[in-house]
Amino acid sequence: MTGLDAHLPALQVVVPLLIAPLVILLRPRGLAWAAATAASLMAFAIAVQLTAGVLGGHEYRYALGGWPAPYGIELMVDSFSALLLLIVTGASTLSLMAGKASLEREIETRRQPLFYSAWLLALAGLAGILVAADAFNIFVFMEISSLASYVLVAGGPDRRALPAVFKYLVMGTIGATFYLIGVGLVYMMTGTLNLADMELRIHEVADQKPILVAAGFITVGLALKAAVFPLHVWLPNAYTYAPHAVTVFFAACATKVALYVLLRFDFVVFQQNLAGHEVQFAAFLMPLAVLAILVGSAVAMFESNLKRLLAYSSVAQIGYILLGASMVSVLGLSASLLHMFNHALAKGALFLAVLCLALRVTSLDLRQLAGAARQMPWTMGALVLGGLSLIGVPGTAGFISKWYLVSASLNEGALGVLLVAVIVIGSLMALVYIWRIVETAWFQAPAEGAATLTEAPLPVLLVTWSVALGNLWFGLAPALPLRLSAAAAESLLQHLP
Amino acid sequence: MELLGLYHYWVFVVLLMTGFYAVVAKANLIKKLIGVSLFQSAVFLLYITMSKVTGGTAPIVLPGMVDPVFSNPLPQVLILTAIVVGISTTALGLGIVVRIKEEYGTTEEHEIQEIDRR
């Protein structure tokens, strides 16, 4: 722990945050993209370094400006934050690497430096949420990332993105403000904002009403940000009409970061202090998780726009993540965290394949994609691989987390059997909607007079396939995410009675 | 009497719900944004009132002070940040409304949906 290593938690945020304004100055074509990708790659390298440290049994605590916690601002990286830092920085880097051609086409040349700057701000905000150890800094970083992501989603040429982003902005702001009310009430009762300090002090006032109200506000506000059913209505349109590279980035990580805050707040601060918290948490969120899985998958089965189909599938996948967490057991929570990682891989591969397709076809409507696989076999191959992982076919990453989810459910007694049924039905519905894509793309004849398509450019395909093969890799050798998620679940639930 | 004594909380709740109602019930996008602004301002008031200590003054140490009582400055600093966030959100929201007006020629929600359905 010498030199630079101690400063890594701060650098994780500072690097993209400082490079963001500099990117605006890079006018010549392609330079802004190169700088943004380099910054994102650097953030990824820092995240890898932090993960290595965390796996070595170290927990990073960083007192900003040398002021000790709880009076100063503290940054903290443990296995939970390291897992999500890997997802966030990895998703940003890969989608930037693959997205150059696509973004060049979708964003006006003049505005590109500004766009990449907003991208880095979103990355800095998301990373900031993950390293911050106090409630108010989480709020500030959440707003930085949200404001930047509104800009990113609205950046594309499709005008339908504008009403979608307006809805996203209004709902996102309400969610964040709910969170702020909750934090205010907790501060009023405890006089502290540092999460670790809050955990100790809340004990004396845990039976008072403001704390209960705060728990409600924080949970609902963050559920809104995380697009938990039925608060998901902003998500499908925002994902559908955003520039394709942005969809890859956000589908892989944005809602998971809100879930991270939700889990951290509920399990670290409230769990061991509020009487019966785990029962209330489960009773509130488990039905929503089940509904998200069933309704999200059902809507996806009948959706004909490819991107919107995958967006509804995301709503269902958030359900799986929440289902594992709502069991409030170490096994369930680690399955849920593992699914965060594996879903990022699967959805990343799927949306990257969509990005490849969008470079060649004009419409992403399923009917227009008839026979596309004959002309773009590599693109569609990656899409199928991502789809198999989403369904949870053995040998892919998705199977590992579904397996852990099922075995965690079976520990829940009679209720567990029902949960297993829900997971199986959800996976079958995933099979149906992925099969619809496969059937159209591989087995239907192209429409009369359809233009001949060529395979997507090689660099984009390479990135897409590396993510698709990542699904196989982490399906066969899941040691890294397994270790991280198990360690995170244990540290979150260490006080469980 | 106790209910009236907590009047600042009533102001907070009424303002919060007024803003929330505008967001949900109004079809005009600008009115929705006004609602969002009200909603946020209500939370600012919640923070500011909690920092007040009866008989407290501004937390500045002056020579010759005997047992001074200070108001808590921390919530005020927090809210300064939150106000900046609120202003940026409103500005960005209005920017989006301008773009919507340019593209759709209207700021009424149902008319936009009507145009998209065509």
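Chains as they are written, first to last, in the numbering used here: chain A, 1 to 497; chain B, 1001 to 1118. For each residue, glycine too, the CB sits at the ideal point set by N, CA and C.
Quiz item: So, is A:Gln317 buried or exposed, given that buried needs 16 or more other C-beta atoms within 10 angstroms?
Solution: buried
Quiz item: Hey, A:Ala124 and A:Leu17 are a contact pair by Cβ (cut 8 Å); roughly how many whole angstroms apart?
Solution: So it is a contact: roughly 4 Å between Cβ atoms.
Quiz item: Helix, strand or coil: how does DSSP classify A:Arg483 here?
Solution: helix
Quiz item: In the structure shown, what three-state DSSP assignment does A:Ala158 receive?
Solution: According to the sequence displayed, residue 158 of chain A carries Asp and not Ala. Coil, per DSSP.
Quiz item: Grouping DSSP H, G and I as helix and E and B as strand, with all else coil, what is A:Glu505?
Solution: With chain A running from 1 to 497 in the structure shown, residue 505 of chain A is simply not present.
Quiz prompt | Positions along the stretch 1008-1036 of chain B whose CB lies within less than 7 Å of some CB in chain A | solution = Val1023, Leu1029, Lys1032 and Val1036
Exercise. Using a threshold of 7 Å, state whether the C-beta atoms of A:Ala486 and A:Ser297 are closer than that.
Key: No, the Cβ-Cβ distance between A:Ala486 and A:Ser297 is not below 7 Å.
Self-check item: Spatial neighbours of A:Leu41 in its chain, beta-carbon cut-off 6 Å, leaving aside the 5 residues before and after
Solution: Thr93
Self-check item: Inter-residue Cα distance where the pair is A:Ala282 and A:Phe267
Solution: Going from the Cα of A:Ala282 to the Cα of A:Phe267 covers about 12 Å.
Quiz prompt | Rounded separation between A:Ala47 and A:Leu85 - CA only | solution = Take the alpha-carbon of A:Ala47 and the one of A:Leu85: they are about 6 Å apart.
Exercise. Note down the Cα distance separating B:Phe1012 from B:Phe1039, rounded to an integer number of angstroms.
Key: 9 Å
Quiz item: In chain order, what residues of the stretch 125-156 of chain A put their CB closer than 9 Å to some CB of chain B?
Solution: So the list reads Phe136, Phe139, Val140, Glu143, Ile144, Ser146, Leu147, Tyr150, Val151 and Ala154, given in the order they occur along the chain.
Practice problem: Using three-state DSSP, classify B:Phe1070 as helix, strand or coil. | Solution: strand
Quiz prompt | Beta-carbon contacts of B:Gly1035 that lie in its chain and below 6 Å, excluding the five residues immediately before and after | solution = Gly1019, Ala1022 and Val1023
Quiz prompt | Whole-number beta carbon distance between A:Leu96 and A:Ala35, since they are thought to touch under 8 Å | solution = Actually they are not in contact, since the Cβ atoms of A:Ala35 and A:Leu96 sit about 10 Å apart, beyond 8 Å.
Quiz item: Which first and last residues belong to the alpha helix (DSSP H) in which A:Glu278 is found?
Solution: His277 to Phe302
Practice problem: Examine the Cβ distances between the stretch 319-327 of chain A and the stretch 231-243 of chain A and report whether three or more of them are shorter than 8 Å. | Solution: no
Quiz item: Apart from the five residues on each side of it in sequence, which residues of its chain come closer than 8 Å, Cβ to Cβ, to A:Arg264?
Solution: Phe80, Leu195 and Leu492
Self-check item: CB of A:Thr464 within 7 Å of CB of A:Ala372, strictly
Solution: no
Quiz item: DSSP state of A:Arg308, grouped into three classes?
Solution: Here A:Arg308 sits in helix by DSSP.
Quiz item: Nearest-angstrom Cα distance between A:Thr89 and A:Met142?
Solution: A:Thr89 and A:Met142: Cα-Cα distance of roughly 16 Å.
Practice problem: State the DSSP-derived secondary structure class of B:Tyr1119, mapped to helix, strand or coil. | Solution: In the structure displayed, chain B extends from 1001 to 1118; residue 1119 of chain B sits before or after that span and is not available.
Quiz prompt | Contacting positions in the stretch 217-234 of chain A - beta carbon closer than 9 Å to chain B | solution = none
Quiz prompt | Backbone secondary structure at A:Glu412 - three-state DSSP | solution = coil
Self-check item: Distance between B:Val1069 and A:Leu62 (C-alpha atoms, nearest Å)
Solution: The identity of residue 62 of chain A in the sequence shown is Tyr, whereas the question assumes Leu. In a straight line, the C-alpha of A:Tyr62 is about 33 Å away from that of B:Val1069.
Quiz item: Apart from the five residues just before and just after A:Lys167, which ones in its own chain have a Cβ nearer than 6 Å to its Cβ?
Solution: Trp234
Practice problem: Give the single residue among A:Glu74, A:Asp197, A:Leu482 and A:Leu126 whose Cα lies nearest to the Cα of A:Phe341. | Solution: Here the closest residue by C-alpha is A:Leu482.
Quiz item: Is the stretch 130-138 of chain A in contact with the stretch 193-209 of chain A, if contact means three or more CB pairs nearer than 8 Å?
Solution: yes
Self-check item: Enclosing beta strand (DSSP E) for A:Met76 [first to last residue]
Solution: Glu74 to Val77
Quiz item: Helix or strand or just coil, what does DSSP make of A:Asp266?
Solution: helix
Quiz item: Nearest chain A C-beta to B:Arg1118 closer than 7 Å, yes or no?
Solution: Interface flag for B:Arg1118 against chain A is unset, since no Cβ pair is found closer than 7 Å.
Exercise. Could you name the residues that DSSP lists as bridge partners for A:Arg61?
Key: A:Met76
Quiz prompt | Terminal residues of the alpha helix (DSSP H) in which B:Gln1113 lies | solution = Glu1109 to Arg1117
Quiz item: What does DSSP give as the partner residues of B:Asn1028 in its beta bridges?
Solution: Beta-bridge pairing links B:Asn1028 to B:Glu1108.
Quiz item: By a C-beta neighbour count over all protein chains shown, 10 Å radius and 16 as the cutoff for buried, is A:Phe44 buried or exposed?
Solution: buried
Exercise. Just confirm the distance between the C-beta atoms of A:Ile391 and A:Ile423, as a whole number of angstroms; I'd bet it's less than 8 Å.
Key: Going by Cβ atoms, the distance from A:Ile391 to A:Ile423 rounds to 12 Å, so no, they are not a contact pair.
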